[in-house]
């Protein structure tokens with residue numbers, strides 16, 4: 176009984192302290208800011224979007240930091256105050272900015288129907304126009320946010336609103352459509368295979384058509400009062416996605432767990448080249464780009480490679496020289512949106528990254544001060560164009576370009592005696608090109624027994640996949656994983672940049688997948704994953720068409736590039752794993768040549784990897800010269 180009373184007492188103390196801290200943040204904010212909540216901002220079609228505005232108590236116009244989001248920023252939840260939005264507002268106001276946060280249409284207090292990526296794009300443009308008409312706004316707006324709060328920024332940057340002076344997109348992969356060789360279509364695909372994160376994410380995010388809404392004639396005062404008791408947040412029952420994502424057909428996964436009907440149903444049937452991908456809020460490389468940007472990417476996020484491709488695309492193709500020359504980049508060794516969670520001993524998965532901290536707030540506000548206040552600060556002088564963290568050596572480095580200029584693309588060829596299956600096989604990576612015919616490596620891929628995802632570059636999959644770097648050597652005992660490893664590096668080697676993979680393959684199935692995983696092998700056998708990729712074979716000739724395989728033929732596959740910065744210390748080795756599944760990171764190819772999303776059963780594919788003089792399967796890696 177004493178223990179029970181003690182637990183109750185401790186719980187009450189914690190609750191009191193939390194409530195007190197929240198009240199302290201609000202009091203500090205109210206002391207320096209005008210707080211104007213649940214402002215219903217009108218769009219061009221009459222739909223009103225719920226907006227909270229926090230601005231300094233001053234008669235002088237101030238610049239705006241604007242955050243637009245599908246997530247719940249309401250200041251109350253379950254009858255308790257929340258200080259998340261208040262803390263962000265306090266930080267911005269303390270730096271002399273108005274902080275404005277707005278829900279996308281159809282989310283929470285905002286009117287209208289929600290669609291992924293906050294369409295229509297004109298909502299962002301209209302919000303900028305409304306803000307610049309306010310007497311307290313100096314006409315300069317910067318956008319800020321991570322994940323979905325970042326992903327609308329690229330498309331609105333293409334509209335080039337005169338007030339949109341700077342942006343800070345973080346973990347922004349789902350805003351990327353087609354960028355060069357990447358046809359991600361908002362992270363929905365990688366190499367034509369579905370990334371299953373959206374199935375889990377949309378379960379908790381998408382709106383049912385019959386969602387409750389406040390009356391359109393509700394006043395601001397009434398909405399503020401109601402926000403203490405109702406936030407219209409969807410309370411979805413928890414799902415064990417490690418089991419839920421196994422359901423077939425894929426199109427019925429959300430239905431199978433009694434989820435809401437919504438945009439998932441129309442998106443799951445889209446192919447990579449569906450015209451609808453080019454109608455919404457995605458940024459594509461045929462669009463202009465008009466905003467100086469400070470980009471944030473993570474090594475263990477779902478979209479590192481296409482994000483970096485977009486950064487380089489803007490630096491090369493922005494028509495305005497000032498925009499082209501003012502693109503800055505940070506690449507951190509963290510999970511999705513976890514930049515500020517880095518510590519003096521940052522652990523990502525199982526691997527230590529050492530001290531991965533960075534002065535994020537100082538740099539972000541220095542960036543905004545430059546573009547929104549017009550301050551002649553030293554941001555451009557002291558901030559490198561690219562700041563990237565090199566794992567293994569566990570240090571921040573800088574460069575004027577990505578990849579660094581001192582990178583030399585080096586080719587490693589796959590070699591074996593036809594028995595590269597598993598960790599215990601004879602697969603090797605060698606600098607010498609194959610000089611003769613060699614037996615291909617063969618493995619059976621059973622979609623009912625796929626290679627499970629273990630760590631990796633992921634987000635938003637709940638219990639299904641834990642992101643980060645994990646020791647893969649137990650996974651590598653599977654016979655359906657081909658393992659190719661270099662000899663240990665005598666002097667160490669740094670890889671910083673894109674990793675390109677070319678495979679020569681065969682199969683007895685009409686269609687199948689091929690996966691690649693990049694590994695750092697320690698002298699004691701630990702094998703930590705760095706990045707991963709996949710290609711659905713039907714898309715080997717381009718994502719705008721489907722071409723089936725024939726038994727007995729050899730096909731050349733060029734997979735979407737991987738990317739990393741990793742130092743392989745002396746005694747370490749570089750390894751690639753090749754298989755045909757990485758589930759549920761990616762959906763399973765059922766090998767039938769059918770639509771896949773509407774199929775319940777699959778067939779076993781007997782797949783081949785060739786590595787001969789005629790079919791030199793290889794990877795090209797960015798070796799930093801002099802290291």
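Residue numbers (my numbering): 176 to 802. Where a beta carbon is used, it is the ideal one built from N, C-alpha and C, also for glycine. Because the structure is a prediction, the values reported are computed rather than measured.
query: Please classify residue 278 as buried or exposed, where buried requires at least 16 other C-beta atoms within 10 Å of its C-beta.; result: buried
query: Would you tell me roughly how many angstroms separate the C-alpha atoms of residue 604 and residue 698, rounded to the nearest one?; result: 17 Å
query: Tell whether a beta-carbon distance below 8 Å holds between residue 327 and residue 419.; result: no
query: Nearest to residue 793 by alpha carbon, out of 220, 733, 799?; result: 733
query: When you compare the segment 492 to 504 with the segment 454 to 472, are there three or more beta-carbon pairs, one atom per stretch, that lie closer than 8 Å?; result: yes
query: Excluding the 5 residues preceding and the 5 following residue 779 in the sequence, name in chain order all residues of the same chain whose CB lies nearer than 6 Å to its CB.; result: 619, 621
query: My understanding is that residue 804 touches residue 341, with C-beta atoms under 8 Å, so please give their C-beta distance in whole angstroms.; result: For the chain, the structure presents residues 176 to 802; residue 804 sits outside this window and is missing.
query: Name, in chain order, the residues that DSSP records as bridge partners for residue 689.; result: 710
query: DSSP on residue 661, reduced to helix/strand/coil?; result: coil
query: Return the chain-ordered ranges of every beta strand (DSSP E) run that is complete within the segment 722 to 800 and spans a minimum of 3 residues.; result: 730 to 733, 737 to 743, 748 to 754, 780 to 785, 793 to 799
query: Report yes or no: do three or more beta-carbon pairs, one from the segment 337 to 355 and one from the segment 316 to 325, lie closer than 8 Å?; result: yes
query: Assuming residue 653 and residue 597 form a contact by the criterion Cβ under 8 Å, report the distance between their Cβ atoms to the nearest whole angstrom.; result: 6 Å
query: Once DSSP output is grouped into helix, strand and coil, what is the label at residue 884?; result: This structure leaves residue 884 out entirely; the chain is present only between 176 and 802.
query: Within 10 angstroms of the Cβ of residue 799, are there 16 or more other Cβ atoms? Answer buried if so, exposed if not.; result: buried
query: Go ahead and label residue 225 buried or exposed: buried means 16 or more other beta carbons lie within 10 angstroms of its beta carbon, across all protein chains shown.; result: buried
query: Here's a check: name, in chain order, each residue in its chain whose Cβ is nearer than 7 Å to the Cβ of residue 791, leaving out the five neighbours to either side.; result: 588, 608, 609
query: Using a Cβ-Cβ cutoff of less than 7 Å, which residues in the same chain neighbour residue 463 once the five nearest sequence positions on both sides are dropped?; result: 333, 335, 494
query: Three Cβ pairs or more, each shorter than 8 Å: is that satisfied between the segment 734 to 748 and the segment 679 to 696?; result: yes
query: Provide the residue span of the beta strand (DSSP E) that contains residue 212, from first to last.; result: 208 to 217
query: I'd like to confirm the pairing. Which residues does DSSP put opposite residue 675 in its beta bridges?; result: 795
query: Measure the alpha-carbon distance for residue 611 versus residue 788 and round it to whole angstroms.; result: 5 Å
query: Under a three-way DSSP split, which group does residue 632 fall into?; result: coil
query: Suppose you measure from the CA of residue 301 to the CA of residue 276; what does that come to, to the nearest Å?; result: 14 Å
query: Less than 7 Å between C-beta atoms, sequence neighbours within five positions excluded: which residues of the same chain meet that for residue 667?; result: 742, 743, 744, 745, 802
query: Using only CA atoms, which one of 234, 258, 280 lies nearest to residue 219?; result: 280
query: Whole beta strand (DSSP E) runs in the segment 326 to 381 with 3 or more residues, listed along the chain?; result: 339 to 345
query: I'd like the list of long-range same chain contacts for residue 254, defined as Cβ closer than 8 Å, with 5 residues on each side in sequence excluded.; result: 403, 404
query: What residue range does the alpha helix (DSSP H) around residue 400 cover?; result: 395 to 401
query: Looking at the secondary structure, which residues open and close the beta strand (DSSP E) in which residue 583 lies?; result: 582 to 590
query: Taking the beta strand (DSSP E) that residue 468 falls in, what are its first and last residues?; result: 468 to 475
query: Given a cut-off of 8 Å on the beta-carbon distance, is the pair residue 659 and residue 729 in contact?; result: no
query: Below 8 Å on the Cβ atoms is my guess for residue 708 versus residue 252; work out the distance and round it to an integer in Å.; result: 39 Å between Cβ atoms; not a contact.
query: Measuring only the C-alpha atoms, how far is residue 782 from residue 671?; result: 31 Å
query: Using only the alpha-carbon positions, how far apart do residue 631 and residue 705 sit?; result: 7 Å
query: What span of residues does the beta strand (DSSP E) with residue 571 cover, start to end?; result: 570 to 574
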